[in-house]
Amino acid sequence: MRILCVAEKPAMSKSLAQILSNGQFSSRPTNDQYTRNHEFTYKLPNNTMAHVVMTAVRGHLFSTDFPSRYRKWHSCAPVELFELEIEKATSKDLTSVEQNLRQESRLADQVMIWTDCDREGENIGAEIATVCRRQNQRLTICRARFSSVTPAEVHRAMRNPVMLDMRQAEAVDARMELDLRIGASFTRFQTLNLQNSFPALFEGVISYGPCQFPTLGFVVDQFRRVENFIPENFWKLELKHNKDGLDTTFTWQRGHLFDQLVCLIIYEACIEITGPKVVITKVKSQPTSKYRPLPLTTVELQKNGSKFLSIPSDEVMTAAESLYMKGWISYPRTETDQFDANYNLMSLIEKQTHNSQWGRFAQRLVEGGYRNPRRGKNNDQAHPPIHPVMHTENLDGNEKRVFEFITRRFLACCAEDAKGDQTDIEATIHTESFKATGLIIKERNYLDVYPYDKWTGTVLPNFSEGEEFIPTEFLMKMGATTPPTLLTESQLIALMDKNGIGTDATIAEHIKTITKREYVVRSKRDKEYVFTPSTLGIALVEGYDNIGLDMSLSKPFLRSQLESNLKLICSGNKSKDQVVREAIEMYRNVFEIVNRDKRILQEVKKKKKKKKKRLFNGPFGFDDYTGEHRLTHWMVIGS
Numbered sequence: 001m002r003i004l005c006v007a008e009k010p011a012m013s014k015s016l017a018q019i020l021s022n023g024q025f026s027s028r029p030t031n032d033q034y035t036r037n038h039e040f041t042y043k044l045p046n047n048t049m050a051h052v053v054m055t056a057v058r059g060h061l062f063s064t065d066f067p068s069r070y071r072k073w074h075s076c077a078p079v080e081l082f083e084l085e086i087e088k089a090t091s092k093d094l095t096s097v098e099q100n101l102r103q104e105s106r107l108a109d110q111v112m113i114w115t116d117c118d119r120e121g122e123n124i125g126a127e128i129a130t131v132c133r134r135q136n137q138r139l140t141i142c143r144a145r146f147s148s149v150t151p152a153e154v155h156r157a158m159r160n161p162v163m164l165d166m167r168q169a170e171a172v173d174a175r176m177e178l179d180l181r182i183g184a185s186f187t188r189f190q191t192l193n194l195q196n197s198f199p200a201l202f203e204g205v206i207s208y209g210p211c212q213f214p215t216l217g218f219v220v221d222q223f224r225r226v227e228n229f230i231p232e233n234f235w236k237l238e239l240k241h242n243k244d245g246l247d248t249t250f251t252w253q254r255g256h257l258f259d260q261l262v263c264l265i266i267y268e269a270c271i272e273i274t275g276p277k278v279v280i281t282k283v284k285s286q287p288t289s290k291y292r293p294l295p296l297t298t299v300e301l302q303k304n305g306s307k308f309l310s311i312p313s314d315e316v317m318t319a320a321e322s323l324y325m326k327g328w329i330s331y332p333r334t335e336t337d338q339f340d341a342n343y344n345l346m347s348l349i350e351k352q353t354h355n356s357q358w359g360r361f362a363q364r365l366v367e368g369g370y371r372n373p374r375r376g377k378n379n380d381q382a383h384p385p386i387h388p389v390m391h392t393e394n395l396d397g398n399e400k401r402v403f404e405f406i407t408r409r410f411l412a413c414c415a416e417d418a419k420g421d422q423t424d425i426e427a428t429i430h431t432e433s434f435k436a437t438g439l440i441i442k443e444r445n446y447l448d449v450y451p452y453d454k455w456t457g458t459v460l461p462n463f464s465e466g467e468e469f470i471p472t473e474f475l476m477k478m479g480a481t482t483p484p485t486l487l488t489e490s491q492l493i494a495l496m497d498k499n500g501i502g503t504d505a506t507i508a509e510h511i512k513t514i515t516k517r518e519y520v521v522r523s524k525r526d527k528e529y530v531f532t533p534s535t536l537g538i539a540l541v542e543g544y545d546n547i548g549l550d551m552s553l554s555k556p557f558l559r560s561q562l563e564s565n566l567k568l569i570c571s572g573n574k575s576k577d578q579v580v581r582e583a584i585e586m587y588r589n590v591f592e593i594v595n596r597d598k599r600i601l602q603e604v605k606k607k608k609k610k611k612k613k614r615l616f617n618g619p620f621g622f623d624d625y626t627g628e629h630r631l632t633h634w635m636v637i638g639s
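Right under this line is the structure:
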């Protein structure tokens with residue numbers, strides 16, 4: 001039996017061949033300079049010896065486009081692109097890859113797909129199957145389903161092939177067609193109308209993407225909050241007391257008031273009527289815990305990588321994908337935050353006991369500290385949470401830092417919650433209530449391996465109910481509200497995930513795209529990346545918003561609905577044709593309104609061009625909020 005195995009990338013092909021052949025394989029070049037064919041024999045479950053050729057593609061083989069006669073920008077009206085025929089053919093730079101597949105298919109009995117086990121991987125697998133069957137119609141097609149590049153997982157997948165999931169493949173076809181039609185029509189519209197009006201201000205293509213624009217909208221919305229912020233003074237009461245050498249600050253239960261006179265009346269009443277005398281009304285001590293983190297999903301990896309590692313989300317995913325292909329971690333694109341009950345986590349923990357940094361903690365888990373991980377609410381039924389599958393200390397750069405985070409997160413998931421004792425003290429002065437909280441950490445547990453979570457203890461002196469005293473300080477203070485911060489990358493990822501913009505696997509790429517297109521600028525503030533919209537980015541969002549669409553292009557509703565429909569294709573509840581037809585009708589209606597009211601969009605451009613004064617002026621023509629003005633001014637009323 002002759003089996004042709006096809007991986008998604010050449011590096012993965014070599015790793016799989018190394019495992020399946022136990023290192024006993026031969027390699028030969030192909031017509032494609034990046035791809036080699038690896039040959040070996042493999043014993044199948046029925047004791048049949050198979051001759052295996054392991055090769056690879058380089059991602060998607062096919063590209064989708066309009067016929068050549070419609071590719072010039074003035075060849076048709078942009079609105080016609082919603083209905084014109086489209087072509088799907090092998091990309092010009094991948095014809096050598098196609099030739100290799102055709103040649104190897106001639107003598108094969110079976111093609112086994114080894115692409116990534118997600119929607120995109122199923123679609124690439126379907127493309128591979130199409131090419132191979134054109135050459136050899138007698139082929140049987142199957143796919144290997146695996147979540148990590150480890151010997152046990154790879155051999156299991158080889159011996160238990162499954163069928164390609166054509167529903168997932170069709171969902172990707174639908175998404176590709178819609179992205180082409182929607183993106184091309186709006187990009188041509190924007191560029192032809194806006195660039196011609198303002199050629200000196202806007203050079204190049206003013207592109208549109210159905211995921212990128214809602215992403216840009218989130219950034220602009222937050223920037224507007226910053227730019228339109230008006231500080232407002234407030235007043236509050238602050239109670240402090242020193243006892244047994246320990247300072248305790250009691251927080252006013254009203255928080256603060258925006259009416260100075262009302263606050264002053266309350267303050268003076270407390271002083272004049274009670275002296276001011278403090279009465280402890282309640283002392284409550286109880287055990288408390290800080291929960292260990294949930295198992296790691298792709299979205300959480302991107303958020304935490306940006307927040308704690310100061311690595312842009314697209315670079316986090318690049319590092320994670322490299323770690324996966326090298327066999328160090330499980331598949332890095334997953335929505336699952338719960339481990340299967342039968343998953344052998346202890347064997348994975350044991351592999352980490354030799355590490356110089358977290359090995360001792362792993363040993364503690366092996367020796368009795370292990371706890372079953374918490375179970376989240378999400379399970380994509382395809383892949384487990386992201387976790388290390390092997391131990392290594394021979395990494396550097398982003399890969400080293402991402403692997404460390406993934407491993408520490410995994411070990412923390414398998415440890416006990418941190419435990420402590422919390423004391424809540426309630427006090428009154430006259431009619432006003434105050435509260436102080438203390439914490440004594442008894443057992444750090446998972447915190448010993450997971451420095452990304454903070455839990456700080458606060459020691460309080462001993463107070464008893466009914467105790468009375470004159471406070472060390474009782475003040476009325478004035479403060480001012482502070483502006484919101486620019487949108488951080490972790491916040492942007494959370495918004496995209498919550499609103500269904502992109503998938504866990506594409507969120508980072510959408511953020512990268514709006515940065516590359518100069519709709520936003522990404523800069524580092526306090527170790528985390530934040531986003532500021534460019535003048536062009538602001539103008540586009542404001543222009544579309546001013547048109548008054550029921551479903552604005554800068555809001556998440558249109559794309560979120562499409563993402564939901566793509567999932568319905570995967571579940572079999574809607575057909576690809578139905579989803580494409582509904583989406584085209586929806587976006588075409590929006591396009592016609594925008595085209596009718598394009599003068600509104602152009603007027604916003606003119607205003608932006610003429611507008612010189614901005615609240616914050618940053619480099620490179622971008623509005624830039626530095627955060628240096630976030631000062632709070634206090635005025636002490638009493639002493």
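For the sequence shown, the residue numbers in UniProt numbering are 1 to 639. Note that the Cβ used here is the ideal one computed from N, Cα and C, for glycine as well.
One question on the structure: do residue i and residue j come within less than 9 Å of each other, judged by their Cβ atoms?
i	j	result
residue 376	residue 297	yes
residue 112	residue 142	yes
residue 421	residue 215	no
residue 3	residue 155	no
residue 485	residue 278	no
residue 171	residue 524	no
residue 361	residue 388	no
residue 61	residue 27	no
residue 100	residue 130	no
residue 423	residue 283	yes
residue 295	residue 338	yes
residue 391	residue 333	no
Only counting the same chain, and skipping five residues up and downstream in sequence, which positions put a Cβ closer than 7 Å to that of residue i?
i	result
residue 14	38
residue 398	311, 315 and 319
residue 574	565 and 568
residue 135	102, 105 and 106
residue 24	40
residue 553	213, 544 and 590
residue 615	Here residue 615 scores only 35 on pLDDT, less than 50, and its place in the model should not be relied on; the value that follows carries that caveat. Excluding sequence neighbours, residue 615 sits near 227.
residue 541	216, 217, 220 and 554
Please determine, among the options, the residue with the shortest C-alpha to C-alpha distance to residue i.
i	options	result
residue 22	43, 186, 412 and 589	43
residue 492	588, 514 and 440	514
residue 507	243, 106, 208 and 301	301
residue 386	586, 329 and 35	329
residue 117	308, 342 and 324	324
residue 223	533, 51 and 598	533
residue 518	303, 207 and 359	207
residue 5	31, 52, 603 and 45	52
residue 159	50, 550 and 374	50
residue 303	380, 496 and 193	496
residue 536	194, 166, 470 and 556	194
residue 31	501, 84, 85 and 97	97
With a 10 Å radius around its C-beta and 16 neighbouring C-beta atoms as the bar for buried, classify residue i as buried or exposed.
i	result
residue 455	exposed
residue 1	exposed
residue 10	buried
residue 510	buried
residue 74	exposed
residue 188	buried
residue 258	exposed
residue 355	buried
residue 178	buried
residue 140	exposed
residue 246	exposed
residue 125	buried
By Cβ distance below 8 Å, which residues in the same chain neighbour residue i in space, the five residues on each side in sequence not counted?
i	result
residue 473	238, 239, 240, 241 and 639
residue 529	306, 310, 312, 488, 489, 522 and 523
residue 16	5, 7, 54, 114, 149 and 154
residue 276	270, 429, 430, 470, 471 and 474
residue 699	Since the displayed the chain opens at 1 and closes at 639, residue 699 lies outside it and no answer follows.
Whose C-beta lies closer than 6 Å to the C-beta of residue i among residues of the same chain, with five residues either side of it excluded?
i	result
residue 436	248, 250 and 425
residue 538	220
residue 94	61
Check whether the Cβ of residue i lies closer than 9 Å to any Cβ atom in chain D.
i	result
residue 226	Among the chains in the structure shown there is no chain D, since it carries only a single protein chain.
Open item on the list: Across the segment 576-587 and the segment 173-188, are there enough close Cβ pairs to call them in contact, namely three or more that are closer than 8 Å?
Closed with: yes
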